[in-house]
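Under mature numbering (1 follows the signal peptide of the UniProt record, and there is no 0), read the sequence shown as residues -33 to -1, 1 to 422, first letter to last.
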Amino acid sequence: MKTPAIHRRALFASAAATLVAPGIWSTPLPAAAQGTGGTVIDITRARTEPIPIAVPDMAGAGPDAQRMGQNIARVIVNNLRSSGLFRPIERAAFIQTPEAAAQAPRFQDWRVLGAVALTTGRVELSGDRLRVEFRLWDILPEQQALGTAYNATASNWRQIAHIISDDIYKRLLGEDGYFNTRVAYVSESGPRDRRTRRLAIMDQDGENHRFLTDGQFQALTPRFHPNATQIAFMSYLRNEPRVYLFNLQTGRQEVLGNFGGMTLSPRFSPDGRSVILSAIRGGDASIFVVDLASRRERQLTNAAGLDVSPCFSPDGQQIVFNSDRGGDQQLYVMDANGGGVRRISFGNGRYATPVWSPRGDLIAFTRIGRGQFAIGVMRPDGSGERILSEGWSMESPTFAPNGRVLMFYRETPARDARGAGFSARISSIDIAGFNERQVVTPNDATDPSWSPLLS
């Protein structure tokens, strides 16, 4: 899938014209207020006191533009509210109209509602071309904090809304957002003992869903390439469980490597030049790295037991994986060349599906013990273990690109042998263990993989 480019240009309070893409010039929005300072709120504080923000509909000339402005504002509100860090003010309380606010905010009308920030905007539609002008206002000093203009095809209005949401997140919290992202996952349907598993992809909020495979062959564990153009996954094509690459621009699938047996649990390296995976030979599973240009395979582990679910650290210098080499399934970290293996998990239970945070500060994992599953995080040396959520069955954590939120899937138990009542759903949760939410999907959903921020 090739997404048409959205050309963007950020304008702080006194910006000049900017070349936003080769051969495309954009007219800057005039600075509507003086000053470049503004409110930045600590995320820890925002967890306990969500930021009150007013997001009126964007103004527009004509019913189509007005409807588009309403839709864009609705997505922004949903994004900010779902983060748990913002408290969008109810529209019924608004005093100033969207059109009037887009021309000149009356700050006292928004201050009386308790808002510390306000968004305004205007939408222009010309055929299939869309232009969105957006401004973020700091209510207390009564100044513009951010102004941005976007040009795209009208079908890309939802992506513009996600980008604006990220702009707000970054300006008010001082860190990159995660709204303009996608999630690849496995869509499941049918009885539990005869599941059909298809690769699927959606926006992080569950919209723009589509299937990538037809379900003729089972698919598992999709993982995004760092540039979000490919997915590595495990497929049972011709009943041979192997790692495949799926090209999102062409739809082409190709097997990865020349392994004689089963390959599984792939992940791309941080630079996107190789894939790390596990290959089963005899009764053991070892970790290999496959160079994508040359297709050369390099073996990293050779211990008795099952070494699976490898994942690189963000700097590419270390690898975390789970293994039963010590008699029980635990987490290990090693150097990228396979040396210096050391165990890092020592809690009660078995550990699986480790994934390194994009920030490099945490490793998320699944823990199984005493008939319960849990999703947790620990530091790369194994210290500071914290459980974020527990349940009957849950697995496969994946980090948002800013490292602040996790997704995973949660199963509920079956009521009978045929699987009636069984369901598997994706949930998201903050790394502090608050604000757990379900992501709505058309069918049951497992094995989520969060993309990097999309450009």
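Built from N, CA and C at the ideal position, the CB exists for glycine as well.
Handout entry: Val372, enclosing beta strand (DSSP E) - first and last residue
Key = Taking the first residue of the sequence shown as 1, we reach residue 372 at position 405. Its beta strand (DSSP E) spans residues Val372 to Thr379.
Problem - Expected contact under 8 angstroms - CB spacing of Gln171 and Thr148 to nearest Å - result: Here the question's residue 171 lines up with position 204 in the sequence shown. Here the question's residue 148 lines up with position 181 in the sequence shown. Yes, they are in contact, since the Cβ atoms of Gln171 and Thr148 sit about 5 angstroms apart, within 8 angstroms.
Handout entry: Same chain, Cβ closer than 8 angstroms to Arg73, five either side skipped, listed in chain order
Key = Here residue 73 corresponds to residue number 106 of the sequence shown, with the count starting at 1. Excluding positions up to five away in sequence, the list reads Ile62, Gln63 and Ala67.
Problem - Cβ contact (3+ pairs, closer than 8 angstroms) linking the region 405 to 416 and the region 360 to 372 - result: Yes: at least three Cβ pairs fall under 8 angstroms.
Practice task
With a 10 Å radius around its C-beta and 16 neighbouring C-beta atoms as the bar for buried, classify Val256 as buried or exposed.
Solution key: Translated into positions along the sequence shown, residue 256 becomes position 289. Buried, since its Cβ has 16 or more Cβ neighbours within 10 Å.
Problem - Element boundaries [beta strand (DSSP E), containing Leu166] - result: Counting from 1 along the sequence shown, the entry for residue 166 is found at position 199. Segment Thr163 to Asp170, the beta strand (DSSP E) holding Leu166.
Exercise for the section: Pull up the DSSP beta-bridge partners for Val322, would you. Expected result: Against the sequence shown, residue 322 aligns to sequence position 355. The partner list for Val322 (beta bridge, DSSP) reads Ala331.
Problem - Proximity of Val300 and Gln285 at Cβ, strictly below 7 angstroms - result: As a working mapping, residue 300 is identified with position 333 in the sequence shown. As a working mapping, residue 285 is identified with position 318 in the sequence shown. Closer than 7 angstroms, so yes.
Problem - Beta carbon proximity, Gly400 to chain D, threshold 7 angstroms - result: Structure shown: chain D not included; a single protein chain is present.
Practice task
Would you mind listing the beta strand (DSSP E) stretches within the region 220 to 275 that are 3+ residues and don't spill past its ends, in chain order?
Solution key: 220 to 222, 230 to 235, 241 to 248, 251 to 258 and 264 to 266
Handout entry: First and last residue of the uninterrupted beta strand (DSSP E) at Arg89
Key = On the sequence shown, residue 89 is found 122 positions in, with the first residue counted as 1. It spans Ala84 to Ser93 - the beta strand (DSSP E) in which Arg89 sits, taken as one unbroken run.
Problem - Through-space distance from Gly29 to Val90, alpha-carbon basis - result: Start at 1 with the first residue of the sequence shown, and residue 90 comes out as number 123. Start at 1 with the first residue of the sequence shown, and residue 29 comes out as number 62. Distance between the alpha carbons of Val90 and Gly29 is about 10 angstroms.
Practice task
Evaluate Asn194 with the Cβ neighbour count: other Cβ atoms within 10 Å of its Cβ, from every protein chain shown; 16 or more gives buried, anything less gives exposed.
Solution key: Taking the sequence shown and counting its residues from 1, the one referred to as residue 194 is at position 227. Exposed, since its Cβ has fewer than 16 Cβ neighbours within 10 Å.
Handout entry: Alpha-carbon to alpha-carbon, Asp31 and Thr(-7)
Key = By one-based count along the sequence shown, residue -7 stands at place 27. By one-based count along the sequence shown, residue 31 stands at place 64. Summary for Thr(-7): the model assigns pLDDT 38, below 50, so the residue's position carries little reliability; its value from the coordinates is reported in the next sentence. Roughly 23 angstroms separates the two Cα atoms.
Problem - Given Tyr136 as reference, the closest of Gln296, Leu85 and Asp160 once Cα atoms are compared - result: If you number the sequence shown from 1, residue 136 lands on position 169. The option with the nearest alpha carbon to Tyr136 is Leu85.
Problem - Residue nearest to Glu57 in terms of C-alpha spacing, selected from Ala21, Gly358 and Ala116 - result: Here the question's residue 57 lines up with position 90 in the sequence shown. Nearest of Ala21, Gly358 and Ala116 to Glu57, Cα basis: Ala21.
Problem - Status (buried if at least 16 other CB within 10 Å, exposed otherwise) for Ala412 - result: Your numbering for residue 412 matches position 445 in the sequence shown. It is buried - the Cβ of Ala412 has at least 16 other Cβ atoms within 10 Å.
Problem - Expected contact under 8 angstroms - CB spacing of Val42 and Ala128 to nearest Å - result: Mapped onto the sequence shown, residue 42 falls at position 75. Mapped onto the sequence shown, residue 128 falls at position 161. Correct: roughly 4 angstroms between the Cβ atoms.
Problem - Alpha carbon of Ala331 to alpha carbon of Asn225, nearest angstrom - result: If you number the sequence shown from 1, residue 331 lands on position 364. If you number the sequence shown from 1, residue 225 lands on position 258. If I take the Cα positions, the gap works out to 31 angstroms.
Practice task
Determine, using beta carbons only, whether Met345 and Gly336 come nearer to each other than 7 angstroms.
Solution key: If you number the sequence shown from 1, residue 345 lands on position 378. If you number the sequence shown from 1, residue 336 lands on position 369. Going by beta carbons, Met345 and Gly336 fall outside the 7 angstroms limit.
Handout entry: Among Arg96, Tyr145, Gln266 and Leu103, nearest to Ala82 - alpha-carbon criterion
Key = Looking up residue 82 in the sequence shown gives position 115. That would be Leu103, whose Cα lies nearest to the Cα of Ala82.
Practice task
Put Pro368 into one of helix, strand or coil per three-state DSSP.
Solution key: Within the sequence shown, the letter at position 401 stands for residue 368. Here Pro368 sits in coil by DSSP.
Practice task
Could you spell out the range, first to last residue, of the beta strand (DSSP E) harbouring Asp302?
Solution key: In the sequence shown, residue 302 corresponds to position 335, counting from 1. Taken as a continuous stretch (DSSP letters only), the beta strand (DSSP E) holding Asp302 covers Gln297 to Asp302.
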